[in-house]
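Take 1 as the starting number for the sequence shown in the working numbering and just add one per residue.
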Amino acid sequence: MEPDIDLTKPSAARVYDYYLGGAHNFAVDREMAEQAIAMWPEVPLIMQANRAFLRRAVEFCAAAGIDQFLDLGSGIPTVGNVHEVALARNPDARVVYVDNDPVAAAYSRTILDGDPRTAVVREDLRDPEKVLNSPEVTDLLDLSRPVAVMTVAVLHFVDDPAPVIAAYRDAVVPGSHLVVSHATRDGQRAQADEHQDLYRRRTATPMTMRTKAQVEALFAGFDLVEPGVVHLPLWRPASPDDVDGRPERFAGLAAVGRKVP
Ligand SMILES: C[S@@+](CC[C@H](N)C(=O)[O-])C[C@H]1O[C@@H](n2cnc3c(N)ncnc32)[C@H](O)[C@@H]1O
Numbered sequence: 001m002e003p004d005i006d007l008t009k010p011s012a013a014r015v016y017d018y019y020l021g022g023a024h025n026f027a028v029d030r031e032m033a034e035q036a037i038a039m040w041p042e043v044p045l046i047m048q049a050n051r052a053f054l055r056r057a058v059e060f061c062a063a064a065g066i067d068q069f070l071d072l073g074s075g076i077p078t079v080g081n082v083h084e085v086a087l088a089r090n091p092d093a094r095v096v097y098v099d100n101d102p103v104a105a106a107y108s109r110t111i112l113d114g115d116p117r118t119a120v121v122r123e124d125l126r127d128p129e130k131v132l133n134s135p136e137v138t139d140l141l142d143l144s145r146p147v148a149v150m151t152v153a154v155l156h157f158v159d160d161p162a163p164v165i166a167a168y169r170d171a172v173v174p175g176s177h178l179v180v181s182h183a184t185r186d187g188q189r190a191q192a193d194e195h196q197d198l199y200r201r202r203t204a205t206p207m208t209m210r211t212k213a214q215v216e217a218l219f220a221g222f223d224l225v226e227p228g229v230v231h232l233p234l235w236r237p238a239s240p241d242d243v244d245g246r247p248e249r250f251a252g253l254a255a256v257g258r259k260v261p
């Protein structure tokens with residue numbers, strides 16, 4: 001275990017792992033997750049919809065010829081990790097995982113150990129210069145070729161994401177992709193507000209939900225691919241049956257953009 005794990009406070013990474021049915025969480029995380037679920041029973045379903053979006057987005061990028069992935073706020077590895085989806089399509093793909101949570105970074109290293117096509121950086125994504133100049137990124141990714149910058153279910157933990165995203169955008173070449181999913185209050189106000197309050201009170205990573213317009217604004221310098229910024233299940237569903245009758249109950253927005261020349 002890395003030395004600075006705080007067992008007195010729930011961590012967003014471990015709480016999310018619990019929602020997804022993972023085993024890398026502690027009592028304090030489970031207790032908070034159960035509190036969130038009691039207030040909002042659909043929370044685990046929303047997280048599963050987020051994870052399903054992540055897989056579809058990686059498949060989309062891979063089909064567009066992207067073979068390098070920079071996964072910011074990658075979380076504790078669970079089923080359908082970026083490298084599994086990317087390598088299934090292209091065995092030469094490269095994936096760098098970045099997370100500032102010690103459990104996420106340590107467990108990612110354990111499961112990736114020995115695979116030279118992947119690497120883990122324990123770093124704060126809000127410091128793009130450090131992330132981009134880390135030996136893992138400079139060794140594994142060739143930034144003179146297109147890359148997918150993934151920010152899935154993480155920017156709601158960042159106070160002012162626009163300049164951060166702009167720094168990553170400026171570091172990658174046209175044709176690179178930006179993948180975003182983001183918590184929103186659009187369509188789910190009361191429960192989303194309670195959920196946001198819970199993270200603010202209990203964790204070291206308060207959450208800021210954003211509107212569709214605010215998420216769209218993150219794509220400055222990118223062309224949004226169809227269908228633009230939509231609720232999670234509506235982003236290129238694998239089959240029409242996957243689309244819920246009330247997609248807004250999945251309180252997350254999703255989008256992919258392609259950097260313009
Ligand atoms: C909800 S999880 C999402 C995991 C994965 N991207 C997914 O969607 O399945 C959010 C992750 O972002 C990480 N995170 C939050 N703020 C971060 C920051 N400033 N820098 C790096 N990672 C961060 C947390 O530790 C957590 O693992």
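Note that the Cβ used here is the ideal one computed from N, Cα and C, for glycine as well.
(request) May I ask you to report which of helix, strand or coil DSSP gives F60? (result) Within the sequence shown, the letter at position 60 stands for residue 60. Helix, per DSSP.
(message) Looking only at its chain, what residues have a beta carbon closer than 7 Å to the beta carbon of A204, apart from the 5 residues adjacent to it on each side?
(response) If you number the sequence shown from 1, residue 204 lands on position 204. Cβ within range, chain order: K9.
(message) Any heavy atom of ligand 1 closer than 7 Å to the beta-carbon of G73?
(response) Here residue 73 is taken as the residue at index 73 of the sequence shown, counted from 1. Under cutoff, so the answer is yes.
(message) With distance defined between alpha-carbon atoms, name the residue in Y19, A27, Y18 nearest to D6.
(response) The sequence position of residue 6 within the sequence shown is 6, counting from 1. If we check each option's Cα against that of D6, A27 comes out closest.
(request) Tell whether a beta-carbon distance below 8 Å holds between V256 and F60. (result) Against the sequence shown, residue 256 aligns to sequence position 256. Against the sequence shown, residue 60 aligns to sequence position 60. Cβ distance < 8 Å, so V256 and F60 count as in contact.
(message) Within a Cβ cutoff of 6 Å, which residues of the same chain sit near R56, ignoring the five residues on either side of it in sequence?
(response) Position 56 of the sequence shown, counted from the first residue, corresponds to residue 56. Same-chain partners within the cutoff: R236.
(message) By DSSP's criteria, A254 is part of a beta bridge. Which residues make up the other side?
(response) Position 254 of the sequence shown, counted from the start, is the residue given in the question as residue 254. Its beta-bridge partners are S181, V230.
(request) Would you decide whether R246 is buried or exposed? Buried here means 16 or more other CB atoms lie within 10 Å of its CB. (result) For the purposes of this step, residue 246 is taken as residue 246 along the sequence shown, with counting starting at 1. Result: exposed.
(request) Measuring alpha carbon to alpha carbon, tell me which of P135, L218, N81, A190 ends up nearest S181. (result) Here the question's residue 181 lines up with position 181 in the sequence shown. Comparing Cα positions, the closest option is L218.
(message) Check this for me: beta carbons of A166 and A220, under 8 Å apart or not?
(response) By 1-based counting over the sequence shown, the position of residue 166 is 166. By 1-based counting over the sequence shown, the position of residue 220 is 220. Yes, these two residues count as a Cβ contact at 8 Å.
(request) Tell me, to the nearest whole angstrom, how far the beta carbon of A36 is from that of L198; I am working on the premise that it is less than 8 Å. (result) Along the sequence shown, one-based indexing puts residue 36 at 36. Along the sequence shown, one-based indexing puts residue 198 at 198. 6 Å between Cβ atoms; contact.
(request) Consult DSSP for T118 and reduce its assignment to one of helix, strand or coil. (result) Stepping through the sequence shown from its first residue, residue 118 is reached at position 118. Strand, per DSSP.
(message) Using the three-state DSSP reduction, which class does R14 fall into: helix, strand or coil?
(response) In the sequence shown, residue 14 corresponds to position 14, counting from 1. Note: R14 maps to helix in three-state DSSP.
(request) Name, in chain order, the residues that DSSP records as bridge partners for R94. (result) What you label residue 94 is simply residue 94 of the sequence shown in a count that begins at 1. Here R94 is bridged, per DSSP, to Q68.
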